[in-house]
Structures are given as C-alpha cells and as structure tokens.
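The opening residue of the sequence shown carries number 1153 in the numbering used here; numbering runs sequentially from there.
Even for Gly, the Cβ is constructed at its ideal location relative to N, Cα and C.
Predicted model only: the values in this text are computed from it and were never measured.
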Amino acid sequence: MERGELLYEGKAKRVYEIKGNDDAYLIAYKDDATAFNGLKKGQIDGKGVINNRMANLIFKKLEEEKGIETHLIEEISDRETIVKKVEIVPLEIIVRNIAAGSFSKRFGVEEGTVLKNPTLEFCLKDDDLGDPMINESHILALGVATKEEIEAIKDMTMKVNDFLIDYFRKADIELVDFKIEAGRYHGRIILADEISPDTCRLWDVNTHEKLDKDRFRRDMGGVKEAYDEVMSRLGL
Ligand code: C5P
C-alpha cells in the first residue's frame, strides 16, 4: 500500500489517494483542533491517535452489532486508516438527546435539559456560509440528497444514536449530542467521517463533567486528559 496524492486537507484529517487502488482512500488524523468555524485554532497533543482508534473501534461495533455499514476498511497505524472511497453528502447530521451548545442558544433552553425525544438536525457543510441549518425541503430543493438518501440517513442516524447511548452509558458517560457524516458508496448510504470526543458531547453521568471538545471550545483545560478518560472508561 503506497500513499498517493493529498486530495483534501480538513480541519482534523488529511485524505490521500492510495496508489493502485481507486476504491479506497487513506485518512490521516491530525492533532489540530478548531472551533467556531475555524476562528479558534489549537493543538491537542495525541488527539489524532485517540480519535483514529476510537472512531474505528466504534465503527467496528456498529457494523457487527447494528449492521450499519461504515467506511472503515483497515487501521494501518496509530493515525492512519484505509477507508472506502465515499462521496461525502455535504451535511452535518446532528442528534441531540440533551440540550447544549447551539441548541440551547437558539431555543433558550438551559444546557442539561433532557429533550422529550432525540432531535435530528441537518446543517449544510459549507464553511463560507458557516454551516447553516437546513431542513429536508431545502436539501431536496438544493439537490444535496434525494428523498431516498434522506430516509436512509435518518434511519442510520437513529440506529447510531441508540447504539451510542448504551455504549457510553455502560462507561458512566452521558451522550448529550453528536454529529456524523454520511457518504455515497456504490449507490448506498454508509457512515463516514468519525465518531470521537471531537464530534460528540460526552458528560460524566454523575457529575456532568465535560469529557469532550467543549473543554477546548470553552478554554476549560484538561482536554487531552478528558479524551484519555473516555478511552480508558471504554476500555480502549
Ligand atoms: O455546536 P452544536 O451544539 O451545534 O454541536 C452539536 C454537536 O455536533 C456537538 O457534539 C458538536 O461536537 C458536533 N459538531 C461537530 N462538528 C461541527 C459542528 C458540531 O462535530 N462542525
């Protein structure tokens, strides 16, 4: 396996071609951390290693235990993973179980309020526009995804939520909210990108201590320690 051209550099990962393989990419996780649409920048030493490992182990469990197809092919080093060559659907797919972050701000709901049902939100992935919230009608009108794809994404996302709630609860961690991304692969919708403390809000079930990227966003310190704590509680 030989790494080819750098195709895309995202905020937390680089995506490379693989020489002689046109059905897969190599992704390499960085330690770079950004928040507020790139306005806040920093580094969390060792974060890339944790997110690579955690995302892959969660993806493996989602495949084995929930039958959800993911982009994962093989982890080849502590920061690098070979993944299926998906076309990312340009949506941030967010599920909220407990009010926090932009939801609390938008609707004036106190952070920590348990929502009456898991709430699904879509944002259009577009840095220049600041990832605006978008509804299903907009998604269809703009041709971002088809009706069938939206249904497949919704079905997959709620299954991911069910799995993650249980998975983290067993480690005494409350899943507040998370973001996933979907990809098109040979005509199917599959789970792509990552699931990690960068993309989830995770609170200690008893103390509500934050164990996720909000520690970076809010300058709380102890970011790496929190990510390590999640890894160790999950036994990873
Ligand atoms: O900021 P907001 O409350 O909308 O974030 C909801 C969830 O989506 C959080 O878990 C956050 O970490 C995640 N998210 C993300 N990437 C973004 C925006 C939000 O992973 N660009």
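For residue i, which residues from the same chain have a beta carbon less than 6 angstroms from its beta carbon, with the 5 sequence-adjacent residues on both sides left out?
i: Glu-1221; result: Ile-1342
i: Asn-1313; result: Val-1247, Pro-1270
i: Thr-1186; result: Lys-1163, Lys-1193
Pick out whichever of the options has its Cα sitting closest to the Cα of residue i.
i: Tyr-1319; options: Asn-1358, Val-1382, Gln-1195; result: Val-1382
i: Thr-1351; options: Tyr-1160, Ile-1225, Val-1328; result: Val-1328
i: Lys-1369; options: Leu-1316, Gln-1195, Val-1241; result: The question names Lys, yet the displayed sequence has Arg at residue 1369. Answer by Cα proximity: Gln-1195.
i: Gly-1200; options: Phe-1211, Glu-1232, Asp-1174; result: Glu-1232
i: Lys-1165; options: Ile-1179, Leu-1281, Asp-1230, Glu-1154; result: Ile-1179
i: Leu-1214; options: Glu-1300, Val-1296, Glu-1288, Ile-1347; result: Ile-1347
i: Ser-1289; options: Glu-1377, Glu-1303, Gly-1282; result: Glu-1303
i: Leu-1276; options: Lys-1306, Lys-1268, Thr-1265, Leu-1294; result: Leu-1294
i: Thr-1265; options: His-1360, Glu-1169, Lys-1365; result: His-1360
i: Phe-1330; options: Asn-1189, Glu-1244, Lys-1218, Glu-1169; result: Glu-1244
i: Leu-1292; options: Glu-1169, His-1223, Pro-1242; result: Pro-1242
i: Asn-1189; options: Ile-1210, Phe-1211, Gly-1282; result: Gly-1282
I'd like to confirm the pairing. Which residues does DSSP put opposite residue i in its beta bridges?
i: Gly-1219; result: The partner list for Gly-1219 (beta bridge, DSSP) is empty, contrary to what the question assumes.
i: Phe-1274; result: Ile-1245, Ile-1286
i: Glu-1263; result: Glu-1263 pairs with nothing; no bridge assigned.
i: Leu-1158; result: Tyr-1168
i: Leu-1224; result: Val-1235
i: Asp-1184; result: Gln-1195
i: Ile-1179; result: Val-1167, Thr-1233
i: Asn-1173; result: Ile-1170
Would you tell me roughly how many angstroms separate the C-alpha atoms of residue i and residue j, rounded to the nearest one?
i: Leu-1191; j: Asp-1184; result: 13 angstroms
i: Ile-1228; j: Arg-1353; result: 27 angstroms
i: Ile-1234; j: Tyr-1177; result: 6 angstroms
i: Met-1285; j: Thr-1298; result: 18 angstroms
i: Arg-1205; j: Leu-1388; result: 8 angstroms
i: Gly-1374; j: Arg-1367; result: 7 angstroms
i: Asp-1345; j: Gly-1156; result: 20 angstroms
i: Pro-1349; j: Ala-1378; result: 9 angstroms
i: Arg-1385; j: Leu-1363; result: 11 angstroms
i: Lys-1182; j: Phe-1259; result: 34 angstroms
i: Gly-1198; j: Lys-1376; result: 8 angstroms
Just to confirm my understanding: we take residue i, look at its own chain, exclude 5 residues before and 5 after, and list those with CB closer than 8 angstroms. What are they?
i: Val-1357; result: Arg-1321, Asp-1324, Ile-1325, Glu-1326
i: Val-1390; result: For residue 1390 there is no data in the structure shown, the boundaries of the chain being 1153 and 1388.
i: Leu-1267; result: Arg-1248, Asn-1249, Ile-1250, Ala-1251
Keeping to the same chain, check which residues put their C-beta closer than 7 angstroms to that of residue i; ignore five residues upstream and five downstream.
i: Glu-1239; result: Gly-1335, Arg-1336
i: Glu-1263; result: Ala-1251, Ala-1252, Ser-1256
i: Val-1167; result: Leu-1159, Tyr-1160, Tyr-1177, Ile-1179
i: Ile-1225; result: Ala-1176, Ile-1234, Val-1235, Lys-1236
Ranges of the alpha helix (DSSP H) found wholly within the region 1289 to 1365, counting only runs of at least 4: 1299 to 1321
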